[in-house]
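In full-length UniProt numbering, the protein residues as written are 1 to 742.
Glycine included, every Cβ here is placed at the ideal spot set by N, Cα and C.
For reference, the structure discussed in these notes is given below.
See the structure below:
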């Protein structure tokens, strides 16, 4: 689905500095996201009814809609799903045969083929993940609610509700286990809701249901010593997040969401080892005592360099909160349907930027609504995207500046989605649902790549599971109850071959914005230009014969493949075979080149003459050649050719001779024999013409100046030559590869 542009004036002003990145990302996603991904069954039924009218006798008659009729009808029928431009692009994708109309049968066949290719692609996709492995032994005795990494110590840590924290090495060996306690309640009643690590001052922060937050010192042995507690919180802290500026470590933010739906923030402009500057002397006199500081002291700014904010975000518990420096905003989510995800922009106002004591303030709020609410979210800084794990079984992709509708919709889970994580290095998104299924999605194409199911033990409950992705080690950690498991992304060879056969040609198709490669075994592969990802495969139309050449016509709606079976196959962009050109009377022969002109198609190879097919004969599936009036002129096998607008073409043979033809009269105009093989020569490599390329931009200059080249020829002896076709001059030549073939 296409994102709307922000309509609020302040949003336009604020986002202007990031508009280039944001617009580029949105355009890329729009071009690659499928319109049909947003369609429901009811939408498809409505579209089907639009193609039929009541005929005589009560019978239904199918309508053939032109481009204008189709785009107008679909825009009126589905105004929220796409603009006229989007429906026009869909029309071009369906009408690949240029019949200038579409009907329900063509639209349905297009969708069926598209879904079939996606299913085949997903089924044939090579699994990138290892089998499930356990972290053992775990000394947790209650549910784990946090798993994360401490970057500067190269350790992982896991926290359970009873306050037990386990530290793991990068080799996934248990390093130490500590239980953090508070004296505010009985030990059996203690419940730690979350914890975060403060790397630049080497402290850990714990949140408890006793309405307090504890700061603990950590030494080199990873021993934790409680230092101080932040007490008298307005509500139970539900989730924590800590951010610090690596360039200026004094700038730090600790935020938490509570059970009343409020976002609480502590902002440090100067952070000290003791966290706050004015500590009570009564607490410092006792060596083992934990200092208590009321949150009211921070509200009243009794501590220098520290500011406290508390703002309402939701009407229910906050499930997750995060400060995103790229956006200069706080993001939170909850189970609310009206404000499922909220972004509060935390900015320095324009007036205060000029002052020396400028402070950040909450300037505006963006609200994102999803039915049944959101469990979790993740942010991709490169693409400027937010992904949401939703209770309604879907995963949405959002532009942070557009709250009206998502930029993408990922469907496939059959139960509430618990967590989502971006794999930024591979442009993938990983999601985990309550049905113990993991899905891996391609972000740009917005399709499912892998579905990992049946790996978890039966009977476990993942409703409180936590997912953590460590990109540097390519490990995905998942917690359930007291256990931690992980999957590892396999290191595939990035240079692996998709097929053992060589590439014999490629074209760029503007209609699909894709590159199509043809392989010697007959396979065609379509690639997305922006992402480099393989979109789909098209099987060979030549049975077991090898491909020898591959081109597309000027309209870029038909693909031509020539093979060793002596035929040229014509198919549309969906891979459907339209015509078979019988080139050599049905006998096997190698087609060396196909030249697609305005009204004729010329096939070269297999002899001294080339074969002509007129467009007026393209009525049947099998098309037979017409007579070329010029007859046989070349003395050796014709290998290559190219068009010279407006009415000429050049052909080259294996003896090195070039001949220019008039296409209308089908008679030769002139010969260029400067590098033709002498009768006494035995080495063909330096003479055989393998490729001819016309330089259209230099036609006028070449016509006026005999020393300007407008034609390039290549030979199998790695010799590249430049010609002027209007004056039949050879201008220059050089060897491109000393021991190769061009």
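Option in the options with minimal Cα separation from residue i
| i | options | result |
| --- | --- | --- |
| residue 752 | 460, 209, 360 and 211 | No statement about residue 752 is possible, as the shown extent of the chain runs from 1 to 742 and does not include it. |
| residue 610 | 105, 641 and 83 | 641 |
| residue 327 | 348, 316 and 309 | 348 |
| residue 518 | 212, 538, 529 and 510 | 538 |
| residue 667 | 678, 647 and 231 | 647 |
| residue 561 | 554, 504, 536 and 529 | 504 |
| residue 337 | 588, 320 and 368 | 368 |
| residue 264 | 188, 346 and 106 | 346 |
| residue 430 | 317, 422 and 437 | 422 |
| residue 502 | 478, 513, 527 and 546 | 546 |
| residue 457 | 437, 318 and 559 | 437 |
| residue 386 | 73, 330 and 728 | 330 |
| residue 69 | 61, 488 and 103 | 103 |
| residue 612 | 583, 516 and 655 | 583 |
| residue 383 | 474, 372, 397 and 653 | 397 |
| residue 257 | 299, 224 and 212 | 212 |
| residue 183 | 275, 302, 290 and 215 | 290 |
| residue 239 | 262, 593, 687 and 229 | 262 |
| residue 593 | 617, 567, 572 and 334 | 567 |
Sequence-distant residues of its chain with Cβ nearer than 6 angstroms to residue i (five each side left out)
| i | result |
| --- | --- |
| residue 726 | 702 and 703 |
| residue 84 | 71 and 75 |
| residue 614 | 600 and 626 |
| residue 249 | 200 |
| residue 10 | Low per-residue confidence applies at residue 10: pLDDT is 36, beneath 50, and the placement is therefore not dependable, though the value from the model is reported in the following sentence. Cβ within range, chain order: n/a, list empty. |
| residue 170 | 154 |
| residue 55 | 61 |
| residue 412 | 439 and 448 |
Start and end residues, beta strand (DSSP E) containing residue i
| i | result |
| --- | --- |
| residue 552 | 547 to 552 |
| residue 733 | 729 to 735 |
| residue 323 | 320 to 324 |
| residue 189 | Residue 189 -> no beta strand (DSSP E), and no H or E assigned at all. |
| residue 709 | First-last for residue 709: undefined, no H or E at that position. |
| residue 348 | 341 to 348 |
| residue 415 | Here residue 415 belongs to no beta strand (DSSP E), and DSSP marks it neither H nor E. |
| residue 648 | 648 to 653 |
| residue 241 | 237 to 244 |
| residue 677 | Where residue 677 is concerned, there is no enclosing beta strand (DSSP E), given that its DSSP letter is neither H nor E. |
| residue 607 | Counting along the chain, residue 607 falls outside any beta strand (DSSP E), and DSSP gives it neither H nor E. |
| residue 270 | Unbroken run through residue 270: none, as it is neither H nor E. |
| residue 258 | 252 to 258 |
| residue 331 | 329 to 333 |
Own chain partners of residue i with C-beta closer than 7 angstroms, once the 5 adjacent residues on each side are dropped
| i | result |
| --- | --- |
| residue 88 | 67 and 71 |
| residue 540 | 521, 522 and 523 |
| residue 643 | 595, 597, 649 and 694 |
| residue 734 | 720 |
| residue 324 | 331 and 379 |
For residue i, the residue or residues it bridges with in DSSP
| i | result |
| --- | --- |
| residue 561 | 550 and 569 |
| residue 71 | The partner list for residue 71 (beta bridge, DSSP) is empty, contrary to what the question assumes. |
| residue 310 | 264 |
| residue 483 | 480 |
| residue 154 | Answer by DSSP bridge pairing: none, since residue 154 is not bridged. |
| residue 442 | 428 and 447 |
| residue 229 | 214 and 292 |
| residue 691 | 714 |
| residue 671 | 659 |
| residue 61 | 53 |
| residue 475 | 470 and 488 |
| residue 577 | 571 |
| residue 724 | 729 |
| residue 696 | Bridge partners of residue 696: none, in fact. |
Cβ-based neighbour list, residue i, same chain, cut-off 8 angstroms, excluding 5 preceding and 5 following
| i | result |
| --- | --- |
| residue 142 | 160, 161, 162, 164 and 482 |
| residue 510 | 556 |
| residue 723 | 658, 672, 709, 710, 711, 712, 713, 729, 730 and 731 |
| residue 17 | Reliability of the predicted coordinates at residue 17 is poor, the pLDDT of 36 falling under 50, and no value is obtained from them. |
Limits of the unbroken alpha helix (DSSP H) element including residue i
| i | result |
| --- | --- |
| residue 92 | 84 to 94 |
| residue 591 | From DSSP, residue 591 is part of no alpha helix (DSSP H); its letter is neither H nor E. |
| residue 47 | 41 to 50 |
| residue 297 | 295 to 299 |
| residue 597 | Taken as a continuous stretch (DSSP letters only), residue 597 belongs to no alpha helix (DSSP H), as it is neither H nor E. |
Every unbroken beta strand (DSSP E) within the region 503 to 533, with a cutoff of 3 residues, ordered by chain: 503 to 509, 514 to 519 and 524 to 528
Every unbroken beta strand (DSSP E) within the region 159 to 185, with a cutoff of 3 residues, ordered by chain: Listed in chain order, they are 164 to 169 and 174 to 179.
Beta strand (DSSP E) runs wholly inside the region 354 to 405, at least 3 long, in chain order: 360 to 368, 374 to 380, 385 to 390 and 395 to 398
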